[in-house]
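Worksheet for the structure shown next.
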Amino acid sequence: MAMPVSALYQPYDVKGEVAIITGASSGFGEAIAWRFAELGCKLVLIARREERLQALAAALKEKYGAPCHVVAMDVRDIPACEALLSKLPAEFAQPDILVNNAGLALGTASAATNDLADMRVMLETNVLAVMALTKAALQAMLPRNKGHIINIGSTASHEAYPGGSGYNASKFALGAYTTAARHDLVDTNIRVTQISPGAVETEFSLVRFKGDAARAAAVYAGMAPMSAADIADNVVYAATRPAHVQIADIIVTSVHQSGAKYRAQPASK
Numbered sequence: 305m306a307m308p309v310s311a312l313y314q315p316y317d318v319k320g321e322v323a324i325i326t327g328a329s330s331g332f333g334e335a336i337a338w339r340f341a342e343l344g345c346k347l348v349l350i351a352r353r354e355e356r357l358q359a360l361a362a363a364l365k366e367k368y369g370a371p372c373h374v375v376a377m378d379v380r381d382i383p384a385c386e387a388l389l390s391k392l393p394a395e396f397a398q399p400d401i402l403v404n405n406a407g408l409a410l411g412t413a414s415a416a417t418n419d420l421a422d423m424r425v426m427l428e429t430n431v432l433a434v435m436a437l438t439k440a441a442l443q444a445m446l447p448r449n450k451g452h453i454i455n456i457g458s459t460a461s462h463e464a465y466p467g468g469s470g471y472n473a474s475k476f477a478l479g480a481y482t483t484a485a486r487h488d489l490v491d492t493n494i495r496v497t498q499i500s501p502g503a504v505e506t507e508f509s510l511v512r513f514k515g516d517a518a519r520a521a522a523v524y525a526g527m528a529p530m531s532a533a534d535i536a537d538n539v540v541y542a543a544t545r546p547a548h549v550q551i552a553d554i555i556v557t558s559v560h561q562s563g564a565k566y567r568a569q570p571a572s573k
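Residue numbers (the working numbering): 305 to 573.
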């Protein structure tokens, strides 16, 4: 479990539940898949890189006997998102948990110089895909009055910063959508959660800087960044609270980070 076993508090058991995880081929998504497999979930693993997904599915099956179904797709393909459940095998077609993890940042240009093509990619991936997949999942959750939508936000969902206008816009939109969805579902037993991480050492910065490894490494200089496993732990914590408990948002940072742009700096040489 995400917390030590206690005789005083009974967590929710996700064993046997179907969890759909986007962006599952690396980073947060891969770490989340490992944790849910450990807890006995059936997994639908979604990402663009099929070879990585197949390798992950094989490893999860070998380690935990976890039933896995791999879907190689780009979440920006909105018709594919809308049709997802109809194309899943029956064993996986009634999701209990949807983790909208796929997301990215591209560049750090100012509002005056943003690459609008990059802005479109971020908005389609970070917002529109989440809306489409959530809508699809709710068609299976609402008739059963049961389910959990978990969206991976960011400290950038709460705090704007210079050079982040496009990413901030997408993550603020995701945060607003998540809150509105929670309001929409308040008369149901379906839970809606956002997890808002700060700096985590994954492929995120390498993608943001379009393969510039030196710039990506500099993001974490002077601090002990979080790992993908830290974020997976927060996801599992939210998912395993008792059914009447809804974690609305978890803002989680490294001990060396106090805000989106407030962090420990490298020691001067």
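No residue lacks a Cβ here, since even glycine has one placed at the ideal position from N, Cα and C.
Since this is a predicted model, take the numbers as computed values, not measurements.
Going by beta-carbon coordinates alone, are residue i and residue j separated by less than 7 Å?
{"i": "arginine 339", "j": "valine 540", "result": "yes"}
{"i": "alanine 363", "j": "glycine 327", "result": "no"}
{"i": "glycine 502", "j": "glutamine 561", "result": "yes"}
{"i": "valine 379", "j": "alanine 441", "result": "no"}
{"i": "glycine 451", "j": "isoleucine 494", "result": "yes"}
{"i": "alanine 542", "j": "threonine 506", "result": "no"}
{"i": "leucine 408", "j": "threonine 429", "result": "yes"}
{"i": "isoleucine 336", "j": "alanine 533", "result": "no"}
{"i": "alanine 370", "j": "leucine 349", "result": "no"}
What does the alpha-carbon distance come out to for the pair residue i and residue j?
{"i": "alanine 518", "j": "glycine 479", "result": "31 Å"}
{"i": "alanine 568", "j": "asparagine 472", "result": "21 Å"}
{"i": "alanine 359", "j": "lysine 565", "result": "36 Å"}
{"i": "serine 469", "j": "alanine 415", "result": "6 Å"}
{"i": "valine 556", "j": "glutamine 398", "result": "30 Å"}
{"i": "serine 575", "j": "alanine 522", "result": "Here the chain has residues from 305 to 573 only, and residue 575 is not among them."}
{"i": "lysine 475", "j": "proline 546", "result": "28 Å"}
{"i": "lysine 319", "j": "asparagine 404", "result": "20 Å"}
{"i": "valine 374", "j": "leucine 392", "result": "10 Å"}
{"i": "lysine 439", "j": "glutamate 386", "result": "8 Å"}
{"i": "serine 461", "j": "alanine 477", "result": "8 Å"}
{"i": "alanine 376", "j": "arginine 353", "result": "6 Å"}
{"i": "arginine 424", "j": "glycine 331", "result": "23 Å"}
{"i": "tyrosine 481", "j": "leucine 312", "result": "35 Å"}
{"i": "proline 529", "j": "threonine 483", "result": "28 Å"}
{"i": "cysteine 345", "j": "histidine 487", "result": "27 Å"}
State buried or exposed for residue i, treating a residue as buried only when at least 16 other CB atoms are found within 10 Å of its CB.
{"i": "leucine 343", "result": "buried"}
{"i": "glutamate 334", "result": "buried"}
{"i": "glycine 526", "result": "exposed"}
{"i": "histidine 548", "result": "exposed"}
{"i": "aspartate 491", "result": "exposed"}
{"i": "leucine 446", "result": "exposed"}
Assuming residue i and residue j make a contact with CB atoms under 8 Å, what is their CB distance in whole Å?
{"i": "aspartate 419", "j": "glycine 411", "result": "6 Å"}
{"i": "isoleucine 454", "j": "isoleucine 382", "result": "With 8 Å as the limit, isoleucine 454 and isoleucine 382 do not qualify as a contact, their Cβ atoms being about 20 Å apart."}
{"i": "tyrosine 368", "j": "alanine 341", "result": "5 Å"}
In chain order, which continuous runs of the beta strand (DSSP E) of length 3 or greater are located wholly inside the segment 313-373?
-> Taken in chain order, the whole beta strand (DSSP E) runs of length 3 or more contained in the segment 313-373 are 322-326 and 346-351.
Please list the segments of the alpha helix (DSSP H) lying wholly inside the segment 481-525, counting only runs of 4 or more residues, in order along the chain.
-> The segment 481-525 contains, as complete alpha helix (DSSP H) runs of 4+ residues, the segments 508-512 and 517-522 (chain order).
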